[in-house]
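Peer 1:
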Amino acid sequence: MDIIFNNVSHSYMKGTSLEKKALNQLNISIPSGSFTVVIGKTGSGKSTFIQHVNGLIKPTEGHIKVGQYRLSAKEKRMDMRSLRQDVALLFQYPEHQLFEETVERDICFGPLNFGLSAEEAKVRALESLALVGLPETILGDSPFHLSGGQMRRVAIAGVLASRPKVLLLDEPTASLDPQGSQEIMDMFKEYQRTNGATIILVTHQMEHAVNYADSIIVMNDGEIVLNGDRDQVFGQSAILQSLGLELPDSLRFIKKFANAFSLADVPSYYQRDEVASYIAKYIRSKEG
Ligand SMILES: Nc1ncnc2c1ncn2[C@@H]1O[C@H](COP(=O)(O)OP(=O)(O)OP(=O)(O)O)[C@@H](O)[C@H]1O
Ligand SMILES: [Mg+2]
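To get my numbering, take the position in the sequence shown, counting from 1, and add 186.
#1: In chain order, what residues have a CB nearer than 7 Å to some heavy atom of ligand 2?
#2: Would LEU204 and SER195 be called neighbours here (beta carbons separated by less than 7 Å)?
#3: List the endpoints of the continuous beta strand (DSSP E) containing VAL273.
#4: So SER230 and ASN406 are in contact, right, with Cβ under 8 Å, and what is the actual spacing, rounded?
#5: Cβ of PRO434 within 7 Å of Cβ of GLU393?
#6: What number of angstroms, rounded off, separates the C-alpha of GLN278 from the C-alpha of VAL388?
#7: Let me check understanding here. Comparing Cα to Cα, which of LEU355, GLU290 and LEU212 lies closest to PRO280?
#8: Just to check, is the beta-carbon of GLY241 closer than 6 Å to a non-hydrogen atom of ligand 1?
#9: Please check the pair ASP272 and MET187, which I expect to be a contact at CB under 8 Å, by giving their CB distance rounded to whole angstroms.
#10: At which residue ranges does the region 224-254 contain complete alpha helix (DSSP H) runs of 4 or more residues, listed in the order of the chain?
#11: On the DSSP bridge list, what partners appear for LEU373?
#12: How many whole angstroms separate the CB atoms of VAL223 and ALA399, which I take to be in contact at a CB cut-off of 8 Å?
#13: Taking C-alpha atoms, which residue in LYS206, ASP292 and LEU298 lies nearest to SER328?
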């Protein structure tokens, strides 16, 4: 499903003394089947932005098209249930997602709500648990007695259980350890590939943008400051720095190395092994 933002603005508490403009005239097109990573410092509007895509928040100005759905302040009747079946949102905080007494009921909620039988929903729950790397034995537990990482995985299983065409993921790996984080990111990429799904993922980790994104959006103060592939975005190091954002580790290191040895024209390397082989080649050239 193509996603198009057309002059979209959003103000919280509009018309009060606490009014806050969180999105300012956004225009962006996100093609169906693509993996978009959204970065930006805290408070830049990332969560507000993705919550517009499933209609959780309505624009105060402008409109959004998500496939055949159209969302705007004026839209009177919208079939939210069918929109949310296609477009699933993983909240930034799993406590905002989970509400049932058991993990099983939580994961089955979406599929049951969208018309699957109890048996079909249970099959979905088991498949989704396997995708997020949790054992079946967790099904009877209360989601609120789990560790932060387990809660996050259950919340992810819940959004996957409806097999959405569009996945909106707000800092999905925030409470996972580095290995768990990579496994879950790989799983999202595989979900995108095998289902032709569209993914929009918010993160503070630049390595996620480097390794998984087809396209990167950089937000600041409710606006899209940069948008493009990793070379287009991370090539703008001065802009990123001025926004308080860091470059990916490998790129930062190779730039420092080039600086220390006064080397010009060092390519942008994003992977550690590329950096290592560049340095090895450089040292060998000096030895020879
Ligand atoms: N419910 C709300 N009511 C009022 N203002 C809000 C509300 N939610 C967010 N804001 C404000 O809107 C702006 C954007 O917030 P948003 O949560 O979208 O940022 P974010 O980029 O997701 O930040 P973070 O990285 O901390 O999650 C911030 O200034 C925030 O204080
Ligand atoms: Mg946020």
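A virtual CB, placed ideally from N, CA and C, is assigned to each residue, including glycine.
Peer 2: Let's see:
#1: LYS232, SER233, GLN278, ASP356, GLU357 and VAL388
#2: no
#3: Per DSSP, the continuous beta strand (DSSP E) segment holding VAL273 begins and ends at 273-276.
#4: 5 Å
#5: In contact: PRO434 and GLU393 (Cβ atoms closer than 7 Å).
#6: 9 Å
#7: When each option's Cα is compared against that of PRO280, the closest is LEU355.
#8: no
#9: About 7 Å separates the two Cβ atoms, so the contact holds.
#10: 232-239
#11: Checking the sequence, you will find Met at residue 373 rather than Leu. Its beta-bridge partners do not exist; DSSP assigns none.
#12: Rounded, the Cβ-Cβ distance is 4 Å, consistent with contact.
#13: ASP292
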